[in-house]
Amino acid sequence: MAKEHQITSVLLTCDDDNLGSAGVIENNGAILENKVYIEEEKVWVRRYWLKNN
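Under our numbering, read the sequence shown as residues 272 to 324, first letter to last.
Encoded structure:
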């Protein structure tokens with residue numbers, strides 16, 4: 272679907288302690304950009320970029 276809409280990259284996120292989701296994201300080729308703290312939710316979030324080649 273992303274290719275059909277000419278989307279070249281997608282930002283994916285998951286909670287830092289959600290190792291299952293982080294593993295799936297990483298195993299599909301996404302690159303960790305950074306981790307950010309969301310003050311309102313009191314949680315660290317991992318931010319990944321997945322390129323649509």
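Backbone N, C-alpha and C define an ideal beta-carbon position, used for all residues, glycine too.
Since the structure is predicted, the reported quantities are computational estimates derived from the model, not experimental observations.
- When C-alpha distances from V281 are compared across Y308, A301, N305, the shortest belongs to A301.
- Residue environment for L303: exposed (fewer than 16 other C-beta atoms within 10 angstroms of its C-beta).
- Measuring C-alpha to C-alpha distances from N324 to each of V307, N299, A293, D288 identifies N299 as the nearest.
- Given a length threshold of 4 residues, each whole run of the alpha helix (DSSP H) inside the stretch 279-324 is given here in chain order: 290-298.
- Within 10 angstroms of the beta-carbon of Y319 lie 16 or more other beta-carbons, which makes it buried.
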